[in-house]
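In our numbering, the protein residues as written are 240 to 391. For every residue, glycine included, the Cβ atom is placed at its ideal position computed from N, Cα and C. Comments concern the structure below.
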């Protein structure tokens with residue numbers, strides 16, 4: 240059975256996501272796709288990792304995005320405390336991220352994955368960067384400072 244271009248694009252995107260998650264604080268651009276411009280980056284990432292057995296909570300997305308996500312992935316929409324993926328694309332969640340499912344050291348897969356949108360990232364330091372620490376990170380580092388704003 241031949242692989243479709245969409246499947247190959249998702250494979251490339253997945254490899255980049257694995258790199259990014261294994262190297263917290265390092266920015267990895269998504270690879271170019273054959274059908275550039277068809278899907279916004281957020282939808283492309285979600286198409287790669289979400290399916291009909293996953294659940295999402297859209298914290299601030301418009302109904303049009305929700306419909307696109309449903310058509311593409313067949314995901315279930317659930318409240319923040321039950322969802323596998325929480326999506327805050329406008330740069331704020333109004334505190335609802337605090338309700339996300341939390342994994343444990345032995346079972347990190349039981350926690351929610353959060354996709355948080357910012358307009359851009361700049362070089363960070365102890366005063367301006369977002370502190371990253373935890374399992375897999377040797378020492379606290381401050382890789383980037385988010386530039387907040389509303390996306391159009």
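Cross-strand partners of residue i (DSSP beta bridge)
i	result
residue 315	294
residue 352	324
Helix, strand or coil at residue i according to DSSP, with G and I counted as helix
i	result
residue 339	coil
residue 373	strand
residue 276	Because the pLDDT at residue 276 is just 48, under 50, the model does not fix this residue reliably, and the point stays unresolved.
residue 378	strand
residue 359	strand
residue 303	helix
residue 232	Because the chain in this structure spans residues 240 to 391, residue 232 falls outside the shown range and cannot be described.
residue 250	helix
residue 284	helix
residue 259	helix
residue 347	helix
residue 269	coil
Neighbour-count burial assignment, residue i, 16 or more Cβ in a 10 Å radius
i	result
residue 284	buried
residue 316	exposed
residue 265	exposed
residue 253	exposed
residue 333	exposed
residue 378	exposed
residue 356	buried
residue 185	Outside the displayed range of the chain (240 to 391) lies residue 185, so it cannot be described from this structure.
residue 277	Caution is warranted here: a pLDDT of 45 is assigned to residue 277, below 50, making its placement in the model unreliable, and no coordinate value can be reported.
residue 390	Low per-residue confidence applies at residue 390: pLDDT is 42, beneath 50, and the placement is therefore not dependable enough to give any value.
residue 240	Caution is warranted here: a pLDDT of 45 is assigned to residue 240, below 50, making its placement in the model unreliable, and no coordinate value can be reported.
Contact check, residue i vs residue j, beta carbons under 8 Å
i	j	result
residue 268	residue 371	no
residue 255	residue 279	no
residue 314	residue 295	yes
residue 325	residue 351	yes
residue 323	residue 293	yes
residue 308	residue 335	no
residue 454	residue 337	With the chain running from 240 to 391 in the structure shown, residue 454 is simply not present.
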